[in-house]
Every structure is written in structure tokens, then in C-alpha cells.
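Peer 1: Protein chains in written order, with my numbering: chain A, 1 to 221; chain B, 222 to 442.
Number of protein chains: 2
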Amino acid sequence: MVAVTSRTRRAEALSRERIVEAAVALLDADGEGGLTFKALTERLATGPGAIYHHVANKGELLAVATDGVVVAALEAEAAGSPQDALRGIALRLFDAIDAHPWVAAQLSASSWQAGGPLILERVGRQVQALGVPERDWFTVTTVLMQYVLGAAAQNAANARVAAPGVGRAEFLGEVAETWKALDGYPFARAVADQMREHDDRAQFLAGIDLVLTGIVGRYTG
Amino acid sequence: MVAVTSRTRRAEALSRERIVEAAVALLDADGEGGLTFKALTERLATGPGAIYHHVANKGELLAVATDGVVVAALEAEAAGSPQDALRGIALRLFDAIDAHPWVAAQLSASSWQAGGPLILERVGRQVQALGVPERDWFTVTTVLMQYVLGAAAQNAANARVAAPGVGRAEFLGEVAETWKALDGYPFARAVADQMREHDDRAQFLAGIDLVLTGIVGRYTG
DNA sequence: TCCAATCTTGGAACGACGTTCCATCCATGT
DNA sequence: ACATGGATGGAACGTCGTTCCAAGATTGGA
Numbered sequence: 001m002v003a004v005t006s007r008t009r010r011a012e013a014l015s016r017e018r019i020v021e022a023a024v025a026l027l028d029a030d031g032e033g034g035l036t037f038k039a040l041t042e043r044l045a046t047g048p049g050a051i052y053h054h055v056a057n058k059g060e061l062l063a064v065a066t067d068g069v070v071v072a073a074l075e076a077e078a079a080g081s082p083q084d085a086l087r088g089i090a091l092r093l094f095d096a097i098d099a100h101p102w103v104a105a106q107l108s109a110s111s112w113q114a115g116g117p118l119i120l121e122r123v124g125r126q127v128q129a130l131g132v133p134e135r136d137w138f139t140v141t142t143v144l145m146q147y148v149l150g151a152a153a154q155n156a157a158n159a160r161v162a163a164p165g166v167g168r169a170e171f172l173g174e175v176a177e178t179w180k181a182l183d184g185y186p187f188a189r190a191v192a193d194q195m196r197e198h199d200d201r202a203q204f205l206a207g208i209d210l211v212l213t214g215i216v217g218r219y220t221g
Numbered sequence: 222m223v224a225v226t227s228r229t230r231r232a233e234a235l236s237r238e239r240i241v242e243a244a245v246a247l248l249d250a251d252g253e254g255g256l257t258f259k260a261l262t263e264r265l266a267t268g269p270g271a272i273y274h275h276v277a278n279k280g281e282l283l284a285v286a287t288d289g290v291v292v293a294a295l296e297a298e299a300a301g302s303p304q305d306a307l308r309g310i311a312l313r314l315f316d317a318i319d320a321h322p323w324v325a326a327q328l329s330a331s332s333w334q335a336g337g338p339l340i341l342e343r344v345g346r347q348v349q350a351l352g353v354p355e356r357d358w359f360t361v362t363t364v365l366m367q368y369v370l371g372a373a374a375q376n377a378a379n380a381r382v383a384a385p386g387v388g389r390a391e392f393l394g395e396v397a398e399t400w401k402a403l404d405g406y407p408f409a410r411a412v413a414d415q416m417r418e419h420d421d422r423a424q425f426l427a428g429i430d431l432v433l434t435g436i437v438g439r440y441t442g
């Protein structure tokens with residue numbers, strides 16, 4: 001039952017790892033819609049049957065790929081004060097999702113599977129270090145996770161609307177114009193320009209700090 | 222060019238509203254995968270061509286349906302202190318998403334369109350009332366939105382794993398067993414039982430309070 | 001009143017997708 | 001040298017969103 005990998009089968013033997021690697025390349029290149037069995041078979045010069053012999057279905061492929069990205073982003077232990085460590089974890093996740101936007105949807109769709117447990121572990125240890133009482137460990141940790149994954153998913157979705165560079169400014173400009181034209185929405189009109197000029201990363205970090213302030217205020221006040 | 226609705230065309234004339242209504246019914250009954258042009262044509266006793274004459278594509282259908290749910294949830298103005306009003310807004314959204322889980326994915330995939338502006342407006346006014354300085358209006362409001370939508374999306378995704386009632390307990394039990402079996406994940410093991418027994422709504426409210434505490438601490442400290 | 005222009009309808013057809021099936025190939029152990 | 005069984009890849013299926021078009025219904029003007 002232990003997998004004995006056959007060698008020199010083809011020029012390069014088909015394996016679960018090679019398939020996942022190709023899937024990640026397709027996802028990074030063309031987004032969530034880029035992962036297709038047609039594209040996968042062409043890139044690997046094989047047929048769908050061979051792929052299904054190594055992978056159960058497309059969902060498993062996505063889950064394994066997601067897990068790989070999360071593990072790569074969080075394998076290093078967090079350092080510094082609990083606050084700094086949490087900022088570091090959040091930023092590493094933010095950057096990983098920025099580089100692989102398809103991870104966000106997958107992660108927030110199954111936050112307790114795929115890469116979820118590793119995120120929970122990394123965040124949870126710092127929550128413990130912050131002095132949160134044991135009965136609130138789960139609640140506080142998942143609140144942090146929900147903010148981090150939710151914000152990253154929404155940023156990734158907005159970023160995915162257009163290609164890099166010019167697309168973003170155009171998109172933000174269009175949304176700003178839409179907001180400014182909304183009757184009965186004075187607040188949306190008031191912040192339309194802030195929205196157009198905002199920095200995703202800074203806004204994300206501000207959110208982390210807000211939640212951290214809340215945690216510290218709640219438990220050491 | 223103004224739409225003059227034709228009357229007594231059929232037993233019940235096909236219209237954008239009737240189509241959206243049918244789409245919501247399908248989505249509520251069978252989840253995101255339940256909205257199909259085949260199911261839609263059968264329910265409306267027509268063909269795909271007729272539907273495409275009233276709606277641009279499936280995406281527009283989803284956006285309009287989402288907007289309808291959000292508007293219904295937030296049409297009442299928020300009352301009480303800014304904190305209470307924000308708790309009320311968040312809870313109304315939470316309950317709406319609990320009743321229509323498909324709304325969550327749609328909203329967090331396009332948080333600045335569909336129902337997004339209305340949420341921004343309702344949340345933003347209370348952020349103003351909290352005394353947040355103008356230059357941080359956008360940042361603070363979007364942090365709240367990101368948490369609310371992100372947490373709701375993740376809860377909806379977890380709830381969607383199984384049918385109502387028995388499915389949830391089973392699912393939580395399986396995840397808890399998985400966590401307890403993870404070597405090198407002491408924190409996940411420690412909170413596995415808390416996870417199994419947690420209440421989604423209470424956890425969500427705790428998150429809101431944490432963020433609110435952070436905002437108040439940051440700006441009125 | 002009738003006709004022509006226009007809007008509306010619904011079925012047929014298309015390409016792309018995920019998945020299943022199966023005949024063939026080939027490395028291995030005897 | 002041969003049989004075994006895992007690995008392979010192409011063909012085929014059903015479903016999806018979408019497009020196209022011929023027919024039907026409705027309306028305004030002659």
C-alpha cells in the first residue's frame with residue numbers, strides 16, 4: 001500500500017506532485033478559471049484518465065494546491081511580541097494571497113480544512129501569548145482568522161477584476177464615479193475619493209491593529 | 222424607451238422580477254448549484270432565449286438577487302447608540318445570510334457592487350456617529366465591512382457542508398476529530414472541543430464587539 | 001380594420017466543462 | 001519469457017451557460 005514510485009516511466013513520470021505543480025502554474029497564470037482539465041492535460045501532455053488516477057477530482061486538486069501555498073507562507077515560526085508576530089502572520093498571508101489570488105476563495109470557503117488548521121495554529125499560539133483566557137481562545141482566534149481571510153478574499157476579488165497596473169486604477173475610478181452618483185448615499189459619496197486612493201495593504205494592516213487593540217483592551221483593560 | 226409592461230400576455234407575463242424571484246427560490250432551495258438555466262426554464266415554463274431577453278447573463282441574475290436580499294435586510298434605519306446600531310446592522314446581515322447562504326459568496330466576491338454600497342452607507346453613518354475622524358472613515362468602515370462579510374461568508378460555507386440539523390453536528394464532530402489527531406498542532410487540539418460546541422451567532426457577535434472595542438479604544442482613548 | 005414594424009417567446013444547437021470508461025502499454029517479480 | 005497489475009491517454013457522456021433563429025403576440029399608424 002505504500003506508494004512505490006515507478007522511475008523512468010516516461011521522460012518525466014506523472015505524479016501527484018507534478019500535477020499539483022502544473023495546477024498552481026495554471027491558476028497563477030489565468031486565475032480560478034484557468035484550471036481546466038483540458039489545459040492540465042495539454043500542459044502535462046497526457047489525458048484526463050491519467051490525472052484522475054492520481055487525484056480524486058478538481059476539488060481535491062484545489063485543496064492540495066491551497067494547502068501548499070499556506071504552508072509555504074507560514075512555515076517560518078512567528079517572532080517578536082505577540083502583536084508583532086500576529087502582524088507578521090497576517091502580512092505573510094496577505095502577500096501569499098496577493099501572489100495567488102485563487103487561494104482566497106478556496107480558503108474562505110473551507111476555513112477549517114485545507115490550510116485552515118495551520119493558520120489556526122499559528123494565530124492561536126499568539127493569542128495564547130497575548131494572555132487571552134483559555135475559555136476564549138477559540139473565539140478570539142477565529143475572529144482574527146475571519147478578519148484576515150475575509151479581508152484578503154475581498155481584496156483578491158477586487159484585484160481580480162482587471163489585469164495588473166492600469167486595470168486597478170480604472171476599476172477604482174469607475175466604482176468611485178458610481179458611488180458619487182448615488183442619491184441618498186451621502187456617506188458613500190463622501191468616501192469615494194478615499195476609496196479611489198486607498199492602499200490595500202495599509203488598509204488591511206489598519207484592520208489588524210484595530211482588532212488587536214480590541215483584544216488587548218478587552219482582556220488587559 | 223420607457224418600459225411599457227404588456228398585460229395579459231400569458232397566464233402570467235415573464236418579467237425581470239418574476240425571473241429574479243424564481244432564481245432566489247432555486248438558490249434558497251438547492252444552494253448555489255441550484256441556480257441553473259434548465260431549472261429556471263422548467264420552473265418558469267419557458268426557454269432560455271426568453272430569459273436572456275430580460276437578463277444579460279447568470280452573473281447579473283445573481284447580482285440582482287443579492288442586492289434584493291441586502292436591501293430587504295437593511296431597509297430599516299439603525300437605531301440606538303452607534304455601537305448598538307452597528308450590532309443591529311451586523312446581526313441583520315448575519316441572519317439574512319443565514320437564511321440565504323448563497324448571498325455570502327456573492328457579496329464577498331464583489332463587496333463594492335451589488336449590495337455593497339448600501340452596507341457601506343449604513344455602516345459608515347454609524348462610524349461617523351462614533352466620532353472617527355474623517356480621514357479614517359473609509360478605512361474603519363471597510364474594516365467593519367470586511368469582518369462582517371468575511372465572517373458571514375465563512376459561516377455560510379461551513380453551514381453549507383451538510384443539510385440542516387444533524388449535518389452540522391456531524392460535520393463539527395469530524396473536524397474536531399481531525400484537529401485532535403494533528404501532531405505538532407497543540408493549539409488546534411486544545412480548542413477542538415470549543416470548536417465543536419461553539420455557537421456561530423455568539424462567536425460572530427464577539428467579533429463585532431472586539432472590533433468595536435478596538436475602534437473606541439483607538440479614537441477615544 | 002388591416003398591415004407592418006417591433007417586441008417577446010421558446011426550442012435547437014454550440015462549445016466548454018468535469019467526469020467515467022476502457023483498451024492499451026509497460027515495469028516488475030517469477 | 002511470461003503473466004500480473006498499476007499506469008496511461010483517448011473517446012465518450014451528461015450538464016452547464018450562452019447564442020441563434022423562426023414563429024407568435026402586440027402595438028401604432030394608415
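Glycine included, every Cβ here is placed at the ideal spot set by N, Cα and C. These numbers come from a predicted model, not from an experiment.
Using DSSP with H/G/I as helix, E/B as strand and the rest coil, what is residue 371 of chain B?
Peer 2: It is helical.
Peer 1: Cβ of residue 48 of chain A less than 8 Å from any chain B Cβ?
Peer 2: no
Peer 1: Show which residues of chain A have a CB atom less than 8 Å away from the CB atom of residue 478 of chain B.
Peer 2: The structure shown does not extend to residue 478 of chain B, since chain B spans only 222 to 442, so no value can be given for it.
Peer 1: Between the Cα of residue 291 of chain B and the Cα atoms of B:276, B:260, B:338, which residue gives the shortest distance?
Peer 2: B:338
Peer 1: In chain B, which residues lie with their C-beta within 7 Å of the C-beta of residue 211 of chain A?
Peer 2: 431, 432, 435
Peer 1: Just the C-alpha distance for residue 7 of chain A and residue 248 of chain B, rounded to the nearest angstrom, thanks.
Peer 2: Residue placement at residue 7 of chain A is flagged as unreliable, the pLDDT there being 38, under the threshold of 50; a coordinate-derived value is accordingly withheld.
Peer 1: Give the range of the alpha helix (DSSP H) segment to which residue 424 of chain B is assigned.
Peer 2: Secondary structure note for residue 424 of chain B: its alpha helix (DSSP H) is the uninterrupted segment 421-440.
Peer 1: How far does the alpha helix (DSSP H) with residue 185 of chain A in it reach, from first residue to last?
Peer 2: Careful: residue 185 of chain A lies outside any alpha helix (DSSP H) and carries neither H nor E.
Peer 1: Does the distance from the C-beta atom of residue 157 of chain A to that of residue 331 of chain B stay below 8 Å?
Peer 2: Yes.
Peer 1: Which chain A residues are close to residue 342 of chain B, counting only those with a beta carbon under 7 Å from its beta carbon?
Peer 2: 185, 187, 188
Peer 1: List the residues of chain A that residue 400 of chain B touches, going by C-beta distances under 9 Å, in chain order.
Peer 2: 112, 117, 120
Peer 1: Which same chain residues, not among the five before or five after residue 403 of chain B, have their C-beta less than 8 Å away from its C-beta?
Peer 2: 409, 410
Peer 1: With 16 other CB atoms within 10 Å as the buried threshold, where does residue 356 of chain B fall?
Peer 2: exposed
Peer 1: Need the endpoints of the alpha helix (DSSP H) that residue 250 of chain B sits in, please.
Peer 2: Here the alpha helix (DSSP H) through residue 250 of chain B covers 237-251.
Peer 1: Looking at the secondary structure, which residues open and close the alpha helix (DSSP H) in which residue 103 of chain A lies?
Peer 2: 102-109
Peer 1: What did DSSP end up calling residue 350 of chain B once you bin it into helix, strand or coil?
Peer 2: In the structure shown, residue 350 of chain B sits in a helix (DSSP, three-state: H, G or I).
Peer 1: Nearest to residue 429 of chain B by CA position, among B:364, B:317, B:382, is which residue?
Peer 2: B:364
Peer 1: Cutting at 7 Å between CB atoms, please list the residues of its own chain near residue 323 of chain B, excluding the five before and the five after it.
Peer 2: 248, 252, 253
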